[in-house]
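Have a look at the structure below, then the notes.
Residue numbers (the working numbering), protein chains in the order written: chain A, 3 to 115; chain B, 72 to 181.
Right, dumping it as structure tokens:
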């Protein structure tokens, strides 16, 4: 059983650009959640995907979007990057929506300059 | 906003039990208490959860008061590797994600 992996580890982008972050969920977990963690803060829920559809969303604008694929992989896309988007982005997989025992990846550190 | 209140930081001597408190006075009947921890530069790690009964697993014990307004996470024999930020989270079912506060920074002293 493999854990949750994320790529890339670090990324530097310029304001206004677009970025795609990737996550591979734990095998058998059909639910993936994405979180943003600013420095010194706890993670903030962005959205959740279940069976390839968005299933719940936190207080994030539409320029944050996602995809989930049948092979337990998923993506977080952020358009029109802003300086405040600089953060650690975490994905977490779980067996089903509403199951809050979630398994987190190591995160992708995004820096926007 | 997080529905929980935790101390900002705590110290504990290595080998001793670490007791981390959490207040959740507005918890409703169908909400669970979850604990996660985050070691520096890693993703959060699930520790334990409970509804109203005390729970124990290989990592920790969770003691929930009878009125469910507070709980304590107990690490029975703390080691240096237990130094981390510990998050107490109250949540019901549904796809609303986990609401993390700022947590308690637990420092285990040698």
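Beta carbons: idealized from backbone N, C-alpha and C, even for Gly.
- For residue 81 of chain B, the CB contacts under 8 angstroms within the same chain, skipping 5 residues up- and downstream, are 89, 91, 175, 176, 177, 178 in chain order.
- Residue 138 of chain B is classed as exposed because its beta carbon has fewer than 16 other beta carbons within 10 Å across all chains shown.
- One finds 168 in chain B with Cβ atoms closer than 7 angstroms to the Cβ of residue 35 of chain A, taken in chain order.
- Excluding residues up to 5 positions away in sequence, 54 lie with their Cβ nearer than 8 angstroms to the Cβ of residue 72 of chain A in the same chain.
- Interface residue (Cβ-Cβ distance to chain B less than 8 angstroms): residue 12 of chain A is not classified as such.
- Nearest in C-alpha terms to residue 103 of chain B, of all of B:83, B:148, B:124, B:111, is B:124.
- Within chain A, no C-beta atom comes nearer than 7 angstroms to that of residue 123 of chain B; the closest sits roughly 16 angstroms away.
- A Cβ-Cβ separation of about 5 angstroms places residue 35 of chain A in contact with residue 94 of chain A under the 8 angstroms criterion.
- Nearest to residue 56 of chain A by alpha-carbon distance, out of B:110, B:167, B:157, B:85, is B:167.
- Residue pairing of residue 56 of chain A in beta bridges, as defined by DSSP: A:51.
- Bounds of any beta strand (DSSP E) do not take in residue 129 of chain B, whose DSSP letter is neither H nor E.
- The beta carbon of residue 97 of chain B does not come within 8 angstroms of any beta carbon belonging to chain A, so the residue lies off that interface.
- From the listed residues A:102, A:97, A:11, A:62, the smallest Cα separation to residue 84 of chain A is found for A:62.
- Rounded to the nearest whole angstrom, the C-alpha separation of residue 67 of chain A and residue 75 of chain A is 15 angstroms.
- Residue 111 of chain B has its alpha-carbon roughly 14 angstroms from the corresponding atom of residue 110 of chain A.
- Interface annotation for the segment 138-162 of chain B against chain A: 156, 158, 160, 162, criterion Cβ-Cβ distance under 9 angstroms.
- For the set B:97, B:85, B:87, B:150, the Cα lying nearest the Cα of residue 140 of chain B is the one of B:97.
- For the 8 angstroms CB-CB criterion, residue 47 of chain A and residue 170 of chain B form a contact.
- DSSP, reduced to helix, strand and coil, places residue 152 of chain B within a helical segment of the structure shown.
- In this structure, residue 5 of chain A places its C-beta atom within 8 angstroms of the C-beta atom of residue 105 of chain A.
- For a Cβ distance threshold of 9 angstroms, residue set 105, 117, 120 of chain B lies close to residue 103 of chain A, ordered along the chain.
- When CB distances to chain B are screened at a threshold of 8 angstroms, the residues of the segment 50-77 of chain A falling below it are 50, 52, 57, 58, 60, in chain order.
- By the Cβ neighbour-count rule, residue 87 of chain A is buried, with 16 or more other Cβ atoms within 10 Å of its own.
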